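These notes concern the structure reproduced below.
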Amino acid sequence: MFEDDSKLIPCPHKGCNKLFKDNSSMRKHIHTHGPRVHVCAECGKAFIESSKLRRHQLVHTGEKPYQCTFEGCGKRFSLDFNLRTHVRIHTGDRPYVCPFDNCNKKFAQSTNLKSHILTHAKQRLCFLLSRCVMVLIFFVYLFRSLVLV
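First residue of the sequence shown? That's 1 in full-length UniProt numbering, and the numbers climb one at a time after it.
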């Protein structure tokens, strides 16, 4: 993750195991543990900041103020984040790169990268399990041959 984990600053909130590279990042994060006093009247979801509640309410109103400006597209989105992600379809931008050696895959969305990384974990797990199964079969064979003698 970071070059020297000993210099990372932990979140002081009980039960939170997040680590930060500096105090500024940690203080910004602590805000997420604050009270969620801004409540959506429509669904009851609560938010720490009123701006996040206003953004959420677009889900219920169906309002889509953010429009793609690429010629011939015109798709609309309720969140600016979704528009920025969508624009990558047109630009071909793939900023999320697989960190595994010899894998050069890139993705437009972080969620797609996370799903892809799991394929590497499954490959390694399958390899390890297949070796364990082979060892187990060997020991079962040895045990049976010892018992039968």
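Where a beta carbon is used, it is the ideal one built from N, C-alpha and C, also for glycine. Since the model is a prediction, treat every value here as computed from it, not as a measurement.
Same chain, Cβ closer than 7 Å to residue i, neighbours up to 5 away in sequence not counted
i, result
"S110", "Y96"
"Q53", "Going by the sequence as given, residue 53 is Leu instead of Gln. Hits under 7 Å: H38, C40 and F47."
"K105", "C98 and H116"
Cβ-heavy atom distance, residue i to the ligand ZN, below 6 Å
i, result
"L79", "This structure does not include the ligand ZN; it has no bound ligands of any sort."
Contact belief for residue i with residue j at Cβ below 8 Å, rounded distance in angstroms
i, j, result
"L19", "P10", "6 Å"
Other residues of its chain near residue i: CB distance less than 6 Å, five sequence neighbours each side excluded
i, result
"I48", "G34 and R36"
"C16", "none"
"F70", "H90"
"L113", "Y96 and F107"
"H120", "F100"
Short Cβ contact (7 Å threshold) for residue i with residue j
i, j, result
"F107", "R94", "yes"
"C40", "H56", "yes"
"S50", "H31", "no"
"H86", "C68", "yes"
Where residue i falls: helix, strand or coil (DSSP)
i, result
"V97", "strand"
"L8", "coil"
Contact set for residue i: own chain, Cβ-Cβ below 8 Å, skip 5 residues either direction
i, result
"Y66", "R76, F77, S78, L79, D80, N82 and L83"
"E63", "S78"
| query | Enumerated in chain order, which unbroken segments of the alpha helix (DSSP H) with a length of 4 residues or greater are wholly contained in the UniProt domain "C2H2-type" (66-95)? | reply | 80-91
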